[in-house]
Amino acid sequence: MKNKKQLLIAVLIGLGFVILPLLIEGYWIRVISSIFMYGVVTGALNIIAGFAGYAAFGNVVFFGIGAYSTAMLMLRVGFPWWGGCVIGAILAAFFAVVVGFPVLRLRGHYFAIATLGINRAVEQIALDWGSFTGGGKGITLPLPQMEIQSFYAMIYFILFGLLLVTLLTNFAIARGRLGYALRAIRDDEDAAEASGIFAPSCKVIAWAISAFITGLTGGVFAYWFSFIEPATVFDIMIAVKAFVMMMLGGAGTVMGPVLGAFLLELISETVWGQFLTIHMLILGTIVIGVVIFIPRGMLHLFRQRFSLSALIRNIKNQSI
Amino acid sequence: MALLEGKDLSKLFGALAAVDQVDFQIEAGEVLGLIGPNGAGKTTLVNLVTGVYPLTRGELYFEGRRIDGLKPAVIARMGIARTFQIVKPFPGMTVRENVVVGALFGKGGAQRNIKTAFEEADRWIEFVHLQDYRNASVDRINISFRKRMDLAKALAMGPTLLMLDEVMAGLNTKDIEEMMALVRRINRELKITLLVIEHVMKAVMGLCQRIIVLHHGRKIADATPQEIVQDERVIEAYLGERYAKARQRSA
Numbered sequence: 001m002k003n004k005k006q007l008l009i010a011v012l013i014g015l016g017f018v019i020l021p022l023l024i025e026g027y028w029i030r031v032i033s034s035i036f037m038y039g040v041v042t043g044a045l046n047i048i049a050g051f052a053g054y055a056a057f058g059n060v061v062f063f064g065i066g067a068y069s070t071a072m073l074m075l076r077v078g079f080p081w082w083g084g085c086v087i088g089a090i091l092a093a094f095f096a097v098v099v100g101f102p103v104l105r106l107r108g109h110y111f112a113i114a115t116l117g118i119n120r121a122v123e124q125i126a127l128d129w130g131s132f133t134g135g136g137k138g139i140t141l142p143l144p145q146m147e148i149q150s151f152y153a154m155i156y157f158i159l160f161g162l163l164l165v166t167l168l169t170n171f172a173i174a175r176g177r178l179g180y181a182l183r184a185i186r187d188d189e190d191a192a193e194a195s196g197i198f199a200p201s202c203k204v205i206a207w208a209i210s211a212f213i214t215g216l217t218g219g220v221f222a223y224w225f226s227f228i229e230p231a232t233v234f235d236i237m238i239a240v241k242a243f244v245m246m247m248l249g250g251a252g253t254v255m256g257p258v259l260g261a262f263l264l265e266l267i268s269e270t271v272w273g274q275f276l277t278i279h280m281l282i283l284g285t286i287v288i289g290v291v292i293f294i295p296r297g298m299l300h301l302f303r304q305r306f307s308l309s310a311l312i313r314n315i316k317n318q319s320i
Numbered sequence: 321m322a323l324l325e326g327k328d329l330s331k332l333f334g335a336l337a338a339v340d341q342v343d344f345q346i347e348a349g350e351v352l353g354l355i356g357p358n359g360a361g362k363t364t365l366v367n368l369v370t371g372v373y374p375l376t377r378g379e380l381y382f383e384g385r386r387i388d389g390l391k392p393a394v395i396a397r398m399g400i401a402r403t404f405q406i407v408k409p410f411p412g413m414t415v416r417e418n419v420v421v422g423a424l425f426g427k428g429g430a431q432r433n434i435k436t437a438f439e440e441a442d443r444w445i446e447f448v449h450l451q452d453y454r455n456a457s458v459d460r461i462n463i464s465f466r467k468r469m470d471l472a473k474a475l476a477m478g479p480t481l482l483m484l485d486e487v488m489a490g491l492n493t494k495d496i497e498e499m500m501a502l503v504r505r506i507n508r509e510l511k512i513t514l515l516v517i518e519h520v521m522k523a524v525m526g527l528c529q530r531i532i533v534l535h536h537g538r539k540i541a542d543a544t545p546q547e548i549v550q551d552e553r554v555i556e557a558y559l560g561e562r563y564a565k566a567r568q569r570s571a
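These protein sequences, in sequence, are chains A and B.
Going by my numbering, the first residue of the first sequence is number 1, and it counts up by one from there.
Going by my numbering, the first residue of the second sequence is number 321, and it counts up by one from there.
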């Protein structure tokens, strides 16, 4: 019964987002599209960082690869935008497999630092290979041949669709063999291997799925903004924000990361818009607050039913 | 043919020989004890068999197939399971989810789906009498329960050989009795061959048909329990005069 009720609520929320573009104006369509985009990036990060516990801070590299692949394929080969996105996603996943086998042998901070290095290296290639990528000046993509309002509406639905796919992927992983393997690896990798889990392959598969989704999103982003530069699409802040969203909502859960993305991006658009200079301060405060008081995320608080008393208990435990 | 055979096993950590030229065999169906002072190389030997550490020298055979050099997960899937001296549960999961990992990825796990794996897990949870705690989070249960959960996870892997690394350590007298009864059932009813590392001598003497003694990485004795307790080198290296005298008096 409880599951049916939850499903009904989920379907109603989904339908709400489908009819929402009829009710809101251009600015809010873009805001909600951007929330969807972060929901997708965070959901993708959750697969490697939330389930498997590998802090892939450099995950934004796949976003950049997807964006640049889409741009290059559209401009230099004449691909349609969606073709560019799909090929870009495949390239990102392939890249994750190639670097994953050596890099995923590292654990903890070492892995996190290595992914940062990879992101910087790929960004540098995009910067220095100016004749092909346009270098630091960035590059303009072919403009869509349609009215701007319907274009934004299309992007809205594409990102909404991607969000649903990401949620379903997370759901399938959480319920399936891969999910148990990844959580076992996160909790104790040696014990996981002793239980018969092929940890290296599981980690690489998880990272490749994460990279595929992130790459796809990068491609959509490039088409959406029709101008990209290395500093934007390889911006480490995209990954940091995704991390905060994931932690805020609940790492390693299905709905948590998306919930976190909605909350933080909504705050970011409505509140920080007024405080351009101190919004990093607010972000920092949220990060510290989350890791100290709700390290397991909001979803965990909700699950404890008395969320307020659970929060107070957490705060009390911390002050000892 | 022995179920597990180690030939001339050595493991060097730098200049230290943690395991030094050890030959041993485990016959199918037996309960073999492995004792020795702290740092004698008992756990290292288990880590060599399970593929956690590569061998410096020597050869390992399981069911006649050479297994040294294989990955831990491959060896686990062949039917060698272990428990850990310091229990390694998956703290983010419930008791049931911990055990299901063994059912999903151990020997025969590839044939199971999530549903049948959970049924298998429930079977082993009942076997170790943890059914009342199956949905408890691991950090909410005490050490005795965690040891039994670790045992259930290892059993869910469907092992032919199970290596128990100090399953009695940290348990009170009553829990030790219960654990000994479980270990006996595992050997007699389930026909699982056991390697038992233990400091609780009552358990070693009561369970094992044969005992190997390690000291500074070397095998110094390999005999029945009755012979072991009278072996001069074993008394000197491990059991101590007091234990030997106490046994003589009680005998």
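Backbone N, C-alpha and C define an ideal beta-carbon position, used for all residues, glycine too.
Fair warning: this is a prediction, and the values are worked out from it, not measured in the lab.
T513 of chain B sits away from G353 of chain B, with the two beta carbons spaced by 7 angstroms or more. Below the 7 angstroms Cβ cutoff, chain A contributes R177, Y180 as neighbours of L424 of chain B, in chain order. The Cβ of R120 of chain A sits no closer than 7 angstroms to any Cβ of chain B. Straight across, the Cα-Cα distance linking Y27 of chain A with I19 of chain A is about 16 angstroms. Put simply, the CB of D188 of chain A is near chain B, with a gap under 7 angstroms to one of its CB atoms.
Contact of R397 of chain B with chain A is assigned, a C-beta pair being separated by under 7 angstroms.
Taken through DSSP and simplified to helix, strand or coil, T270 of chain A comes out as helix. According to DSSP, residue pairing for L12 of chain A in a beta bridge does not occur.
Nearest C-alpha to A56 of chain A among A:Y156, A:V99, A:G16: A:V99.
Close to chain A, meaning a Cβ-Cβ distance shorter than 8 angstroms, are the following residues of the region 409–436 of chain B: P409, F410, P411, G412, M413, E417, V420, V421, G422, L424, F425, G426, K427, G429, I434.
For R105 of chain A, the nearest beta carbon of chain B is not closer than 7 angstroms to its own beta carbon.
Taken through DSSP and simplified to helix, strand or coil, G378 of chain B comes out as strand. DSSP places K473 of chain B in the helix class (H, G or I) of the three-state scheme. Taking E446 of chain B as reference, the option from B:K331, B:L475, B:A564 with the minimal CA-CA separation is B:L475. Counted as a single uninterrupted DSSP element, the alpha helix (DSSP H) harbouring L164 of chain A occupies residues 148–175. Cβ contact annotation for I48 of chain A (same chain, cutoff 6 angstroms, sequence separation greater than five): Y54, A56, A206, W207, S210, in chain order. In chain order, S195, G196 make up the part of chain A whose C-beta sits under 8 angstroms from the C-beta of M477 of chain B. For the set A:I236, A:I158, A:A96, A:L106, the Cα lying nearest the Cα of C85 of chain A is the one of A:I158. Around the Cβ of N455 of chain B, a 10 Å sphere holds fewer than 16 other Cβ atoms; the residue is exposed. For K5 of chain A, the secondary structure class from DSSP, reduced to helix, strand or coil, is helix. In terms of beta-carbon proximity, P545 of chain B stays away from the interface with chain A, with every pair separated by 7 angstroms or more. With fewer than 16 other Cβ atoms inside 10 Å of its own Cβ, R460 of chain B counts as exposed.
If you look at H536 of chain B, you'll find it isn't in any alpha helix (DSSP H); DSSP assigns it neither H nor E. Interface criterion not met: the Cβ of A174 of chain A is under 7 angstroms from no Cβ in chain B. Between E379 of chain B and K327 of chain B, the gap from beta carbon to beta carbon is short of 7 angstroms. If you look at F132 of chain A, you'll find it in the alpha helix (DSSP H) that goes 130–133. Along the region 88–112 of chain A, there is no position whose C-beta sits under 7 angstroms from a C-beta of chain B. At least one C-beta of chain B is nearer than 7 angstroms to the C-beta of R183 of chain A. Residues of chain A with a Cβ closer than 8 angstroms to the Cβ of A501 of chain B do not exist; the shortest Cβ-Cβ separation is about 25 angstroms. DSSP, read as helix, strand or coil, puts V254 of chain A in coil. Proximity of chain B to A191 of chain A at the Cβ level (cut-off 8 angstroms) is accounted for by F404, K408, P409, F410, in chain order.
In this structure the region 165–182 of chain A touches the region 190–205 of chain A; the number of beta carbon pairs closer than 8 angstroms is three or more.
Straight through space, the alpha carbons of R296 of chain A and E497 of chain B are spaced by roughly 39 angstroms.
In terms of beta-carbon proximity, A393 of chain B lines the interface with chain A, with at least one pair separated by less than 7 angstroms. Short of 7 angstroms from the beta carbon of L259 of chain A, and not among the five residues preceding or following it, lie these beta carbons of its own chain, in chain order: G249, M298, L299. Distance from the Cα of R505 of chain B is smallest, within the candidate group B:V520, B:L471, B:F465, B:K494, for B:L471.
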